[in-house]
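Below is one structure, written out as structure tokens; comments come after it.
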């Protein structure tokens, strides 16, 4: 747009220069024509006054001699010719004047047209400049806004990265603690299992061969002092105690076994202790109840997490006598024997594991049933 305006301005300046030159030439022609007009008027007036004297015949007749007549005739002819030249020059200059006036008028029109074009272009330029200024202000505002958003996003990103790094560090610490606790629990379990095995061996060595031990809780028909189904409490073994006071029968041990119901697998994850329904079930070790509910297979059951990281399981209860979150002591009643769930008769399924519902251990490796 600026280049177009410069071009129009140059054209306008050139036209104005031509107009000035034409005006000067016209003024000069006007002066010449005006002078010649006066000359022609004077000659015409003189010719009119001396019309008779200027007649060629009179000039010849008035001549004193032939030589004088010739001289006067030549002078007359030159005068007439000069007058004709003046008239021709006047006519030519007048035509030139008219032509220059026409050219001048055309140039003036062109200048006016160019001036209008220039005015239009300048108005358009001003409008474009105003639009560009408004657009620039809008862009600056958007850039300022984007800069603020970018700064906020960078701050949020930095905060997110910081939190992520802290979480990563925390997770690592938790993982290390969990691994250490798991290792410690495993070492404790092995230690307690070893102690239980050693005590079991010591107990077996102390039993006299001539006096075989009676089944726990069973009546000894040869001992009239004991009553049938007398409850016998055994001491703690490896930190655990029996879940029943006595009077039970081991009907199924830990490991592979025939399927008694047709529903369970061939591997038994605990030990079944048959006894009358309603018999109190005792917590084998102090701990926190982590599950106390009904399951289609386990029936009414309770699971306790102990301080050594092991879990004990009590299944097929008639009723549950505790709740999740409760802290129970060893020997505390947590329910009664029943036959709920996948069961063929009243009994307690007792189990021990290193993980919740995983890593089951043979209870008889810790307790003597």
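Numbering (full-length UniProt numbering), first residue to last: 1 to 369.
By construction, the Cβ of each residue, glycine as well, lies at the ideal position given by its N, Cα and C atoms.
As the structure is a computational prediction, the values presented were derived from the model and not from experiment.
Looking only at C-alpha atoms, which of the options sits nearest to residue i?
i           : options            : result
residue 273 : 281, 249, 280      : 249
residue 362 : 311, 143, 338      : 311
residue 294 : 320, 275, 276, 287 : 320
residue 323 : 156, 86, 334, 316  : 334
residue 189 : 345, 257, 33, 240  : 240
residue 268 : 285, 298, 242, 89  : 298
residue 90  : 305, 67, 32, 170   : 32
residue 422 : 358, 6, 338, 289   : Within the shown structure, residues of the chain are numbered from 1 to 369, placing residue 422 beyond reach of any answer.
residue 344 : 22, 169, 251       : 251
residue 108 : 176, 164, 19       : 19
residue 307 : 186, 365, 243      : 186
residue 96  : 256, 194, 30, 143  : 30
residue 40  : 71, 83, 73         : 83
residue 11  : 113, 62, 71        : 113
Suppose the cutoff is 6 angstroms on Cβ atoms and the five residues either side in sequence are ignored; what does the same chain contact list for residue i look like?
i           : result
residue 209 : Note that residue 209 scores 39 on pLDDT, short of 50, meaning its location in the model is unreliable and no value can be drawn from it.
residue 329 : 286
residue 291 : 303
residue 158 : none
residue 300 : 294, 317, 320, 340
residue 271 : 253, 254, 350, 363
residue 257 : 268
residue 191 : none
If I measure Cβ to Cβ from residue i and keep anything under 8 angstroms in the same chain, skipping five residues before and after, which residues do I get?
i           : result
residue 336 : 277, 278, 279, 280, 281, 317, 318, 319, 321
residue 296 : 341, 342
residue 36  : 86, 89, 90, 93
residue 125 : 1, 2, 5
residue 331 : 241, 282, 283
residue 327 : 286, 287, 288, 289
residue 195 : 238
residue 104 : 19, 22, 23, 26
Sorted by chain position, which residues of the same chain lie with C-beta nearer than 7 angstroms to residue i's C-beta, five sequence neighbours on each side aside?
i           : result
residue 25  : 100
residue 180 : none
residue 16  : 111
Who pairs with residue i in a beta bridge, going by DSSP?
i           : result
residue 250 : 273
residue 365 : For residue 365, which the question treats as bridged, DSSP gives no partner whatsoever.
residue 256 : 267
residue 355 : 358
residue 237 : 240
Should residue i be listed as close to the ligand FAD, given that the test is whether its C-beta is under 8 angstroms from any heavy atom?
i           : result
residue 314 : Within the structure as shown, the ligand FAD is missing, as the structure has no ligands at all.
Three or more C-beta pairs below 8 angstroms linking the segment 301 to 315 and the segment 346 to 353:
Taking a cut-off of 8 angstroms on C-beta distances, the segment 301 to 315 touches the segment 346 to 353, as three or more cross pairs fall below it.
Entirely within the UniProt domain "M23ase beta-sheet core" (267 to 353) and at least 3 residues each: give me those beta strand (DSSP E) ranges in chain order.
271 to 274, 280 to 282, 287 to 295, 299 to 306, 311 to 320, 333 to 337
4 or more residues per run - each alpha helix (DSSP H) lying fully within the segment 159 to 183:
none
Scan the segment 92 to 149 and note each continuous alpha helix (DSSP H) run of 4 residues or more that stays entirely inside, going in chain order.
none
Counting pairs of Cβ atoms below 8 angstroms between the segment 25 to 36 and the segment 89 to 103, do you hit three or more?
Here the segment 25 to 36 makes contact with the segment 89 to 103; the two share three or more CB pairs at distances below 8 angstroms.
Scan the segment 2 to 90 and note each continuous alpha helix (DSSP H) run of 4 residues or more that stays entirely inside, going in chain order.
2 to 49, 56 to 61
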